[in-house]
Amino acid sequence: MDLMQEIIARACADKQRIVLPEGTEPRTLQAADRLLAQGVAHLILIGNPEEIKAKAKELGLNNIDKAEMLDPLNHPRRESYRDLLMELRKSKGMTKEEADQLVVNPLYLACLMIKAGDADGELAGALNTTGNVLRPALQLVKTMPGISCVSGAFLLFTQAKHIGREGLVVVADCAVTPNPTAKELSEIAVASAKTAQAIGGMEPRVAMLSFSTFGSAKGEMVDKVVEATRLAKELAPDIAIDGEMQADAALVETVAKLKAPNSAVAGKANVLVFPTLEVGNIAYKFAERLGGAIAIGPILQGMAAPINDLSRGCSVDDIFNMVAITANQAIAAKNS
Ligand code: ACO
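Start counting the sequence shown at -17; every next residue gets the next number (the numbering used here).
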């Protein structure tokens, strides 16, 4: 987990403005208190300031006053954000009445702050479902140029220290796109490689996973991964991407020698791309709950600005780490 210390240090050295829409949620406040004490980010807590301060006092927190607080119902930029919202959703026919209602929703407000240049990134999800966090982000912040598909990666710190970066592998999509097309899967592969570089400090070697290794099985599902591999190589010719391959061929050198002797990725993969969300979401939870891995994420990829989602079962540590990761994504975006 030395990597997390690196990520935190990078965030402290170049403080980003991270908005937390669930500003009165206890775990969020506890994490915010530690983040503010260590100077990891400039935090914007959305919520009634009196309520935020009262909750902080109740929890015995001493640093919350260092955060910026924004009351969604009562702040000077409410009308300008409402107008921005109407402008962004004009093509969808959003009325002034609808915009007036949505602009006080903290999840929409956070995205509007990012669009207006008043925040660099957002983290939410301790209270809200993934769908509710993602919808405003997809509608307002949208995808980065050249990318049509948002996905969610995890940093998986496994016990297998000989694999990846001392046991660390990046896995995706575990959070967003239920059944990606071949083109979407190719974008997920490239975005995951970039996450491995920017957040994991790794030289990515991307395996496109399947139940087939280089033609050992046939069918529609295999064809999708074969086509996605071709498109991903075209999209990012400088990144080592290969497939289709089974997970053992991707991770184990002796198996790779038997099943995929000519692949530069097989046996050495450190980025694992799943063919569907179903397998990605189940696999990372298996690794975590049965294999003793530590999973940090989902880190949303492909969005035009860093916005991340938490599991509602998240811990204070999860929120602390994900704010640091969101800040690192914002730093990487500014430097790219
Ligand atoms: N990438 C980019 N844009 C997208 C994507 C995507 N993957 N999905 C939807 N959009 C865009 C649409 O184009 C649309 O834009 P528009 O309104 O400007 O035309 C907007 O987002 C809304 O699209 P809808 O399809 O209406 O949105 P919906 O809310 O139905 O679905 C969502 C989007 C929320 C991402 C949905 O696919 C979803 O719920 N995915 C699964 C999330 C989940 O539950 N994950 C598992 C739990 S997470 C965990 O365990 C870590």
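Ideal Cβ placement from N, Cα and C applies to all residues, glycine included.
- Taken atom to atom, the span from the alpha-carbon of aspartate 47 to that of lysine 35 is near 8 angstroms.
- According to the DSSP assignment, glutamine 20 belongs to the alpha helix (DSSP H) that extends over 8 to 20.
- Approximately 20 angstroms separates the beta-carbon atoms of serine 168 and alanine 231; this is outside 8 angstroms, ruling out the contact.
- With a cutoff of 8 angstroms, asparagine 263 counts as near the ligand ACO, since its C-beta is closer than that to a heavy atom of the ligand.
- Taking the Cβ atoms as the reference, proline 3 lies roughly 5 angstroms from isoleucine 28, within the contact range of under 8 angstroms.
- For glutamine 283, the enclosing beta strand (DSSP E) stretches over residues 276 to 283.
- Taking C-alpha positions only, glutamine 179 is separated from lysine 241 by approximately 27 angstroms.
- Around the Cβ of aspartate 300, a 10 Å sphere holds 16 or more other Cβ atoms; the residue is buried.
- Just so you know, the alpha carbons of leucine 233 and aspartate 100 end up roughly 43 angstroms apart.
- Relative to the Cα of glycine 279, the nearest Cα in the group Val305, Pro219, Glu79, Ala248 belongs to Val305.
- The stretch 118 to 199 is shown to contain whole alpha helix (DSSP H) runs of 4 or more residues at 164 to 180, in chain order.
- Burial state of glutamate 104 is buried, judged by a 10 Å Cβ sphere holding 16 or more other Cβ atoms.
- When distances are taken from the beta-carbon of serine 168 to the heavy atoms of the ligand ACO, even the shortest one reaches 8 angstroms or more.
- DSSP places alanine 222 inside the beta strand (DSSP E), whose first and last residues are 222 to 227.
- Annotation for leucine 17: Ala23, Leu25, Phe302, Val305 place their beta carbon closer than 7 angstroms to its own, counting only its chain and skipping 5 residues before and after.
- Exclusion of the five residues before and after alanine 218 leaves Val172 as the residues of its chain whose Cβ lies within less than 6 angstroms of its Cβ.
- Taking 9 angstroms as the cut-off, the beta carbon of aspartate 82 is found no closer than this to the beta carbon of proline 288.
- Contact between isoleucine 181 and leucine 116 does not hold, since the beta-carbon distance rounds to 19 angstroms and is not under 8 angstroms.
- Not one heavy atom of the ligand ACO is found less than 8 angstroms from the C-beta of leucine 94.
- Asparagine 44: not part of any alpha helix (DSSP H); DSSP gives it neither H nor E.
- Contact between glutamate 226 and valine 247 is absent: CB atoms are separated by about 11 angstroms, not below the 8 angstroms threshold.
- Short of 6 angstroms from the beta carbon of glutamate 50, and not among the five residues preceding or following it, lie these beta carbons of its own chain, in chain order: Ile26.
- Distance from the Cα of proline 186 is smallest, within the candidate group Val158, Leu213, Val152, Cys156, for Val152.
- If you draw a 10 Å sphere on the C-beta of proline 243, you find fewer than 16 other C-beta atoms in it, and that means exposed.
- Approximately 14 angstroms separates the beta-carbon atoms of alanine 286 and methionine 95; this is outside 8 angstroms, ruling out the contact.
- Bounds of the alpha helix (DSSP H) holding alanine 315 are 298 to 317.
- Around the Cβ of lysine 200, a 10 Å sphere holds fewer than 16 other Cβ atoms; the residue is exposed.
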